[in-house]
Amino acid sequence: MTEYSYVYKQKSLNEKYAIYQYSRPGLMAFSSDITGTRLLPINKEFSEKNGIEINGRIKQWISEDTLEIYRFNNPKDFEQPKDTLKKVYYEKAYDLTLKVVENDRINAGRLQEKYFDSLKINQNKITFFGLKHKFGPKPINEIETYNLGDFKILSIKDSIQKIEHHFLEKGMDLKYHNSDGTITENLPRIEIKTVWFYPTKKLKTNDYNEKNGIFNEIKTNANNGYK
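Note that the sequence shown covers residues 32 to 258 in the numbering used here.
Here is the structure:
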C-alpha cells in the first residue's frame, strides 16, 4: 500500500462538505507525485474514489455556497502566454457553485515571508494583526484581511508553524531570456505568489482546526494507504 505524503481537510462554509487536498508518490521511481483535490459530503470518509474532483486551484469562498477556483491552460512546448486575459464560467459540484477563472499557463512564481502577532477567523474572512516582513522593511499595512479558501495551516506537534497562502498576480512586465542571448521584454506575466505567515508566539493548532474554510492536516486511514 502506498502512503500519502499529506492529506489536508477543509470544511465548507455551510458545513455540508469537506474538501481534501492530497499528495502521494508517483507509481514509478522517478515519476512526479500524484496530487489532487476532492469534494465530499461532510460525513463521507476520504478516498480518491469518493466524491467529486475539483479540477483547479482554490482561490476563495465568495459566499457559503460559491467557491472560486483558478484553472490554467497547458500550451504545448512550454510556449509563453500570449496575453493576460481570462475566461470566467460556472460549474456545479453537488449544490455548490464553482466560479472558474481560466487563465493561460503559469510562467512565474515567487515567495514572500511575513510574521504576525495574532489572527482572527470570522465567517468567511481571515485577518492577520501585527504583520512584519521577515526580510526587508516594515510593510505599510500591519493588518491584512483575506477571504478564506486557499489558506493552509502547517503545524509542528500542537502548534502552528506557519500559514500558507497562494494568489495570482498578472502583468505585462515579464522579461524572457532567449536561447540566443537576447531578452524579450513586456511579455504577459501570470504568476503564483506564495506567502508564508509565521506566528511570533505560540498558537495552538486545536484552536483553529475546527474552523470552516481553512485547510488543516489530518490523520485518517487515507494517510496509511491508497484506497
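Note that beta-carbon positions come from the ideal geometry of N, C-alpha and C, so glycine has one too. Small disclaimer: the values here were computed from a predicted structure and weren't measured.
| Query | Result |
| --- | --- |
| Which first and last residues belong to the beta strand (DSSP E) in which LEU205 is found? | 190–208 |
| Rounded to whole angstroms, what's the CA-CA distance from LYS258 to SER36? Just pull it up for me. | Unreliable placement is indicated for LYS258, whose pLDDT of 42 sits below 50; no coordinate value is reported for it. |
| Any beta carbon from chain C within less than 9 angstroms of SER63's own beta carbon? | In the displayed structure, chain C is absent; only one protein chain is listed. |
| Find the nearest neighbour of GLN192 within the set ASN237, THR213, ILE223, judged by alpha-carbon distance. | ASN237 |
| For the segment 241–250 against the segment 41–61, are there 3 or more C-beta pairs whose distance is under 8 angstroms? | yes |
| Can you tell which of ALA124, LYS206, LYS188 has the C-alpha that lies nearest to the C-alpha of LYS235? | LYS188 |
| Tell me whether ASN217 is buried or exposed, calling it buried when 16 or more other Cβ atoms sit within 10 Å of its Cβ. | exposed |
| On the CB-based measure, 16 or more other CB atoms within 10 Å of its CB, does ARG136 come out buried or exposed? | exposed |
| Would you kindly work out how many angstroms separate the C-alpha atoms of GLY256 and LEU71, rounded to a whole number? | Note that GLY256 scores 48 on pLDDT, short of 50, meaning its location in the model is unreliable and no value can be drawn from it. |
| For GLY82 and ARG69, I'd like the C-alpha separation in whole angstroms. | 6 angstroms |
| Flag this pair as yes or no: are the beta carbons of ASN178 and ILE157 separated by less than 9 angstroms? | yes |
| Per DSSP, which residues does SER186 bridge with? Please list them. | ILE191 |
| Just curious, the beta strand (DSSP E) that SER149 is in, first and last residue? | 149–153 |
| If you run the structure through DSSP and keep just helix, strand and coil, what is LYS258? | For LYS258, the predicted model reports a pLDDT of 42, less than 50, meaning its position is unreliable and no value from the coordinates is stated. |
| Could you check the C-alpha separation between LYS113 and LYS224 for me, to the nearest Å? | 20 angstroms |
| Leaving out five residues before and five after ILE93 in sequence, what residues of the same chain have Cβ atoms less than 7 angstroms from its Cβ? | GLU99, LYS130 |
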